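Peer 1: Before we start, here is the structure in question, set down as structure tokens.
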Amino acid sequence: MNERLFSGTFAIFCFILRRDRLRAPLWLFALTATSLAVALSFVDLYASAEERQAVAQTMVNPATTALIGQGHGLDDYTYGAMLAHQMLGMTALTAGVMSILLVIRHTRAQEEDGQLELLGALPVGRLAVPGAALLYVSGLNILIALFTGAGLTVLQLESITAGSSFLYGAAIGTAGIFFAALTLFVSQAAESSRGALGLSVTGLVAFYGLRAVGDTVNETFLYATPFGWLQEMQVYVEDHALYLFLPVAAAVIFAFSALQLHRRRDAGAGMLPARAGRRDGGRFLTSVFSLVFRLQRTSWMFWALGMILLGAVYGSVLSETETFFAEVEIIQVLIAAEGDTALIDQFLAMFMSVLAVAASIPTLLSLLRLKSEEKRGRLEALYTLPVPRLRVYGVYVATGMITSIIMLTAAAAGLWGAAAVTMEESFTFGAVFTAALVFVPALAVMLGLAALILGVSPALSPLIWVYLLYGYIVIYMGELFQFPDGMDYTTPYGYVPEYPAEDVAALPLVGMVTAAVIFAALGAWLYRRRDLD
1 MNERLFSGTF AIFCFILRRD RLRAPLWLFA LTATSLAVAL SFVDLYASAE ERQAVAQTMV
61 NPATTALIGQ GHGLDDYTYG AMLAHQMLGM TALTAGVMSI LLVIRHTRAQ EEDGQLELLG
121 ALPVGRLAVP GAALLYVSGL NILIALFTGA GLTVLQLESI TAGSSFLYGA AIGTAGIFFA
181 ALTLFVSQAA ESSRGALGLS VTGLVAFYGL RAVGDTVNET FLYATPFGWL QEMQVYVEDH
241 ALYLFLPVAA AVIFAFSALQ LHRRRDAGAG MLPARAGRRD GGRFLTSVFS LVFRLQRTSW
301 MFWALGMILL GAVYGSVLSE TETFFAEVEI IQVLIAAEGD TALIDQFLAM FMSVLAVAAS
361 IPTLLSLLRL KSEEKRGRLE ALYTLPVPRL RVYGVYVATG MITSIIMLTA AAAGLWGAAA
421 VTMEESFTFG AVFTAALVFV PALAVMLGLA ALILGVSPAL SPLIWVYLLY GYIVIYMGEL
481 FQFPDGMDYT TPYGYVPEYP AEDVAALPLV GMVTAAVIFA ALGAWLYRRR DLD
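Structure follows, in structure tokens:
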């Protein structure tokens with residue numbers, strides 16, 4: 001490949017460092033500190049080998065395995081084996097999300113905003129921008145790997161050795177590099193940064209879903225996903241370091257292919273052919289709502305498909321859970337006390353809480369498109385027409401609510417369909433649908449908070465993603481790490497009844513809806529008073 005194509009890469013790399021002088025350290029601290037804090041918490045929570053073995057027994061069920069992955073070293077559940085089992089997959093997933101967001105931010109998002117046209121007027125090579133972005137994100141992942149490995153080594157905890165700790169960090173770093181290269185590759189096909197984000201996140205979810213299927217249904221699928229490769233390393237147990245070469249080799253292939261495609265792609269276009277639009281808008285495009293619907297319908301379809309597939313993964317796991325009940329003696333004792341149905345209901349509620357957090361992502365993205373339209377100056381053209389600002393604000397909030405219902409319904413359909421095919425006595429669709437829709441008020445609160453933040457300042461919008469991540473940690477790891485009892489109620493997901501294991505209480509749901517309306521109304525008042533960004 002011609003060196004002149006990368007001319008100016010280092011200068012653009014330094015420019016990216018300047019732009020992300022706050023963002024990069026925050027990601028580095030968050031991903032590193034999470035593993036260190038969890039490792040330290042294990043010492044207080046599980047001081048003896050007996051306590052750790054008791055936890056290991058609770059981990060051997062298909063539901064938990066689908067969520068966090070198959071455990072290794074369960075017969076001797078040391079602090080190291082516990083850390084790798086419970087945290088490696090989720091931390092690697094978070095590193096993948098970070099890489100996706102950063103690659104798109106410094107490639108397709110800048111291209112869509114027209115900023116790369118200014119760079120194109122300078123003496124820089126054709127591949128300087130994607131090369132610099134890939135170099136930056138890969139370097140950040142390498143730093144995360146080194147800091148995580150060094151930090152775990154410094155803790156000097158029992159069974160958490162230096163070599164295994166750096167291997168643990170390397171697994172997280174290579175996962176981030178893999179998804180950085182994958183994002184750069186798939187973004188060449190999309191016409192916009194939003195399309196690139198949708199394709200990349202779909203790939204991330206698909207790979208994690210394959211890992212869940214491989215752990216619970218057919219182990220062959222583990223070898224088709226980077227999460228399976230990292231899991232097979234058996235960090236802190238066997239330390240099979242050779243598995244690191246698989247994500248690295250795949251990243252090199254994706255990166256090389258992406259750069260080749262970038263050379264041939266026109267700026268602002270995608271490799272996939274774009275469908276020609278109509279000459280006239282048609283009768284449907286006569287209102288703000290119809291315009292917003294038209295802009296978001298494609299992303300709705302992609303996200304709904306992803307939610308169906310994710311729901312189907314968890315639905316197929318329920319059948320394995322049913323088989324697990326029949327084989328384990330201690331579970332038979334619980335069944336005699338609570339009944340088979342009660343335990344299955346609890347697993348359904350747990351899966352649905354995870355799906356609800358996943359559905360929150362497209363819900364918030366639907367509303368935050370108002371921010372991107374404002375940032376690109378498109379709202380100014382809209383406001384030259386006799387269109388009130390509050391109407392536009394209200395349409396985006398309403399679209400977000402519609403998105404939440406669509407995504408939860410799609411997840412329920414996927415889960416119910418897979419469970420109906422694989423289970424002997426499946427749930428009715430009404431039960432699964434109700435278990436999904438009870439989360440609508442929680443998503444409404446998240447949407448109301450995001451609307452309030454937009455009313456204050458679009459620059460503060462990343463705060464809602466921090467709060468969503470916090471909510472996921474509390475819901476996902478609350479019982480595992482024995483968080484305080486009231487901590488669930490610091491996130492709206494903690495107020496949702498665990499239907500069908502619990503009856504639906506109207507008061508918390510009504511309270512969340514009321515809070516969501518107050519947040520959105522206050523955000524509307526602030527949005528009307530502030531200047532456009």
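For reference, each letter of the sequence shown is one residue, going 1 to 533 in UniProt numbering.
C-beta: ideal position from N, C-alpha, C; glycine also.
Model, not experiment: these values are computed from the prediction.
Find out if the Cβ-Cβ distance for the pair residue 499, residue 349 is shorter than 8 Å.
Peer 2: Yes.
Peer 1: Counting only the same chain and skipping the five closest in sequence on each side, list residues whose C-beta sits under 6 Å from that of residue 99.
Peer 2: Same-chain partners within the cutoff: 137, 176, 179 and 180.
Peer 1: Give the DSSP-derived three-state secondary structure of residue 383 in the structure shown.
Peer 2: Residue 383: helix per DSSP, three-state reduction.
Peer 1: Assess contact between the region 41-56 and the region 198-214, defined as three or more Cβ pairs (one per stretch) separated by less than 8 Å. Is contact present?
Peer 2: Contact fails: fewer than three Cβ-Cβ distances are below 8 Å.
Peer 1: Are residue 167 and residue 90 touching if we call contact CB-CB under 8 Å?
Peer 2: No, these two residues do not count as a Cβ contact at 8 Å.
Peer 1: Report yes or no: do the region 292-312 and the region 397-415 share at least 3 C-beta pairs separated by less than 8 Å?
Peer 2: Yes, since at least three Cβ pairs between the region 292-312 and the region 397-415 fall closer than 8 Å, the two stretches touch.
Peer 1: Out of curiosity, what's the CA-to-CA distance linking residue 327 and residue 80?
Peer 2: Any reading at residue 327 needs caution, since the residue's pLDDT is 48, under 50, leaving its predicted position unreliable; the model's value is listed next. The straight-line gap from Cα to Cα measures roughly 29 Å.
Peer 1: By Cβ distance below 6 Å, which residues in the same chain neighbour residue 373 in space, the five residues on each side in sequence not counted?
Peer 2: Around residue 373: 379.
Peer 1: What first and last residue would you give for the alpha helix (DSSP H) that runs through residue 173?
Peer 2: 162-186 is the extent of the alpha helix (DSSP H) around residue 173.
Peer 1: Residue 54 and residue 215 look like a contact to me (Cβ under 8 Å); what is the Cβ gap, rounded to whole Å?
Peer 2: Not a contact, Cβ separation roughly 22 Å.
Peer 1: How would you label residue 491, buried or exposed, when you count the other beta carbons within 10 angstroms and need 16 or more for buried?
Peer 2: Buried, because 16 or more other Cβ atoms sit within 10 Å of the Cβ of residue 491.
Peer 1: Going by DSSP, what residue range makes up the alpha helix (DSSP H) through residue 503?
Peer 2: From DSSP, residue 503 is part of no alpha helix (DSSP H); its letter is neither H nor E.
Peer 1: Determine the direct distance from the alpha carbon of residue 288 to that of residue 463, and round the result to whole angstroms.
Peer 2: Between residue 463 and residue 288, the C-alpha separation is close to 27 Å.
Peer 1: In angstroms with no decimal places, state the Cα-to-Cα distance between residue 251 and residue 504.
Peer 2: Distance between the alpha carbons of residue 251 and residue 504 is about 47 Å.
Peer 1: Determine the contact status of residue 400 and residue 428, defining contact as a CB-CB distance below 8 Å.
Peer 2: No. Outside cutoff.
Peer 1: Is the separation between the beta-carbon of residue 461 and that of residue 375 shorter than 8 Å?
Peer 2: Going by C-beta atoms, residue 461 is not nearer than 8 Å to residue 375.
Peer 1: Taking 8 Å as the cut-off, decide whether the C-beta atoms of residue 127 and residue 262 are in contact.
Peer 2: Contact: yes.
Peer 1: In whole angstroms, what separates the C-alpha of residue 508 from that of residue 294?
Peer 2: For residue 508 and residue 294, the distance between alpha carbons rounds to 34 Å.
Peer 1: Within the chosen definition, does the region 152-172 reach the region 206-221 through at least 3 CB pairs nearer than 8 Å?
Peer 2: Verdict: no, contact absent.
Peer 1: Using only CA atoms, which one of 147, 111 and 64 lies nearest to residue 346?
Peer 2: Considering only alpha carbons, the answer is 64.
Peer 1: Following the continuous alpha helix (DSSP H) through residue 85, name the residue where it begins and the one where it ends.
Peer 2: No alpha helix (DSSP H) contains residue 85, which DSSP labels as neither H nor E.
Peer 1: DSSP three-state call for residue 77: helix, strand or coil?
Peer 2: Coil at residue 77, not helix or strand.
Peer 1: Going along the chain, which residues of its own chain have a beta-carbon closer than 7 Å to the beta-carbon of residue 224, five neighbours each way excluded?
Peer 2: Only 210 meet the Cβ criterion.
Peer 1: Helix or strand or just coil, what does DSSP make of residue 427?
Peer 2: It is coil, neither helix nor strand.
Peer 1: Helix, strand or coil for residue 217, going by three-state DSSP, please let me know.
Peer 2: Of the three classes helix, strand and coil, the one that applies to residue 217 here is coil, per DSSP.
Peer 1: Give the list of continuous beta strand (DSSP E) stretches no shorter than 3 residues that lie fully inside the region 194-242.
Peer 2: Counting only runs of 3 or more, we get nothing.
Peer 1: Considering only residues of the same chain and omitting the five flanking positions on each side of residue 187, which have a CB-CB separation below 6 Å?
Peer 2: Only 108 and 196 meet the Cβ criterion.
Peer 1: For residue 130, which residues of its own chain have a beta-carbon under 8 Å away from its beta-carbon, when the five flanking residues on both sides are left out?
Peer 2: Here the set comprises 107, 184, 258, 259 and 262.
Peer 1: According to DSSP, simplified to helix, strand and coil, what is residue 337?
Peer 2: For residue 337, the predicted model reports a pLDDT of 45, less than 50, meaning its position is unreliable and no value from the coordinates is stated.
Peer 1: Contact check, residue 264 vs residue 389 under 8 Å by CB: the rounded distance?
Peer 2: The pair is not a contact, with the Cβ atoms about 42 Å apart (cut-off 8 Å).
Peer 1: Alpha carbons only, please: which of 230, 393, 438 and 236 is nearest the one belonging to residue 501?
Peer 2: It is 438.
Peer 1: Of all the options 497, 445, 465 and 525, which has the alpha carbon lying nearest to the alpha carbon of residue 515?
Peer 2: The shortest Cα separation from residue 515 among 497, 445, 465 and 525 belongs to 445.
Peer 1: Go to residue 446, then tell me how far its alpha helix (DSSP H) extends in each direction, as first and last residue.
Peer 2: Its alpha helix (DSSP H) spans residues 440-456.
Peer 1: On the three-state DSSP scale, how would you describe residue 262?
Peer 2: DSSP places residue 262 in helix when its eight states are reduced to three.
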